[in-house]
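Protein chains in written order, with our numbering: chain A, 1 to 169; chain B, 1001 to 1169.
Below is the structure:
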């Protein structure tokens, strides 16, 4: 099976960085619960600046348990990492470097940076954005994140952890 | 129709740069005819160095007539630019910058950088490499370049110019 995995919000823990940077800037440590249902920039007004700051994407934490589970997936399936990175040109090299650092078993042949994911042909897409999943031809899993917490199109399986993904496959 | 266009050897004239750099390094101006059927590094021994030199991809000439014909295609079809750029991380930002400079009507949403093109879902792929075309599910056109001149899998329509592509569509 060919599996396409999103980076931000699936492999990379973007919210962990938002929380840290927001606390630095405003002195308030927000909980994930307090921003459920809000868009990223609603929960963190400086988010548009953070994602355009050099080093942001290179310094993201890895989502809990992602390395171990992606490694297993990669041994059993055809895995591609598909990131909508084109919007932030600065992020291209940082994302590639981040992948090499944390997921060295994923080769450059398995990485795709795009603007739109509608051109991606795979059997399963795991992503945290409805805009990527809704038009996808194939199985879909919605990785739970605060920005998608209060929405449900009923068309995607919502998953809360990498362990849950492995159990479902 | 969704059309995927390769960059190097289709939109960008890589050989024009090879010829220029080879003349600079060896004092000999090679003709395209003299290297027909040779791999790029056979015709130009320093090619592996050239493509890893900062500025190489940003300074490539545009393939004759490409801008005008891609502009027309883009008005009638769903066009994506799909470049196997992942092998040369330095090239990512240069390729994006090159596209913005020469094809400003192509938005970031239409650009894909990948390692392998087998994950690309489109109706037509125009590319100069058999390795990209052979596994593609859909119509294919082989853009004539010296390295593919003496091979023919019989599976792809060989095209010699952007004018010819437009006539065929």
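The beta-carbon is built from N, C-alpha and C at its ideal position, and this holds for glycine as well.
- Residue environment analysis places residue 157 of chain A among the exposed positions, since fewer than 16 neighbouring C-beta atoms fall within 10 angstroms of its C-beta.
- Using beta-carbon distances, residue 109 of chain A counts as an interface residue toward chain B, with a partner under 9 Å.
- Cβ neighbours of residue 1145 of chain B within its own chain (closer than 6 Å, five residues either side excluded): 1009, 1128.
- Under the Cβ distance rule, residue 115 of chain A counts among the residues neighbouring chain B, one pair being separated by less than 9 Å.
- Here the alpha carbon of residue 1138 of chain B sits roughly 31 Å from the alpha carbon of residue 1018 of chain B.
- For residue 45 of chain A, the closest C-alpha among the options A:23, A:116, A:11 is that of A:23.
- The residues 1079, 1080, 1081, in chain order, have a CB closer than 7 Å to that of residue 1110 of chain B in the same chain once the five nearest residues on each side in sequence are set aside.
- The alpha-carbon separation between residue 32 of chain A and residue 38 of chain A amounts to approximately 10 Å.
- Taking the CA atoms as reference points, residue 1093 of chain B sits about 10 Å from residue 86 of chain A.
- Secondary structure note for residue 1058 of chain B: it is in no beta strand (DSSP E), with a DSSP letter that is neither H nor E.
- DSSP, reduced to helix, strand and coil, places residue 24 of chain A within a helical segment of the structure shown.
- For the 9 Å CB-CB criterion, residue 1118 of chain B and residue 121 of chain A form a contact.
- The DSSP-derived three-state label of residue 1053 of chain B is coil.
- The count of Cβ pairs closer than 8 Å, one atom from the segment 1042 to 1060 of chain B and one from the segment 1148 to 1162 of chain B, stays below three, leaving the stretches out of contact.
- Taken in chain order, the complete alpha helix (DSSP H) segments of 4 or more residues contained in the segment 1065 to 1098 of chain B are 1066 to 1076.
- According to the DSSP assignment, residue 38 of chain A belongs to no beta strand (DSSP E), since it is labelled neither H nor E.
- Contacts with chain B at 9 Å (Cβ-Cβ) do not include residue 54 of chain A.
- DSSP, read as helix, strand or coil, puts residue 124 of chain A in strand.
- Separation of residue 73 of chain A and residue 1097 of chain B (C-alpha to C-alpha, rounded to the nearest whole angstrom) is 35 Å.
- Bounds of the alpha helix (DSSP H) holding residue 1133 of chain B are 1130 to 1133.
- The criterion of a C-beta distance shorter than 9 Å is satisfied by residue 1011 of chain B and residue 1103 of chain B.
- Annotation: the segment 134 to 160 of chain A contains no complete segment of the alpha helix (DSSP H) (minimum length 4 residues).
- Buried is the label assigned to residue 1095 of chain B, since at least 16 other Cβ atoms lie within 10 Å of its Cβ.
- Here residue 165 of chain A carries a helix assignment [DSSP, helix/strand/coil].
- Leaving aside the five residues that flank residue 29 of chain A on each side, the residues in its chain whose CB is nearer than 7 Å to its CB run, in chain order, 19, 23.
- By the beta-carbon neighbour count (other beta carbons within 10 angstroms, threshold 16), residue 1040 of chain B is buried.
- Comparing alpha carbon positions, the residue from B:1049, B:1071, B:1014 closest to residue 1163 of chain B is B:1071.
- With respect to residue 14 of chain A, residue 60 of chain A sits close: the two C-beta atoms are nearer than 9 Å.
- In the three-state DSSP reduction, residue 1019 of chain B falls in the helix class (H, G or I).
- Considering only beta carbons, the part of the segment 81 to 100 of chain A lying closer than 7 Å to chain B consists of 86, 87, 89, 92, 93, 96, in chain order.
- By the neighbour-count definition (other C-beta atoms within 10 Å, threshold 16), residue 1160 of chain B is an exposed residue.
- Under the three-state reduction of DSSP output, residue 10 of chain A falls in the coil class, being neither helix nor strand.
- CA-CA distance, residue 90 of chain A to residue 52 of chain A, rounds to 7 Å.
- Approximately 6 Å separates the beta-carbon atoms of residue 84 of chain A and residue 115 of chain A; this is inside 8 Å, confirming the contact.
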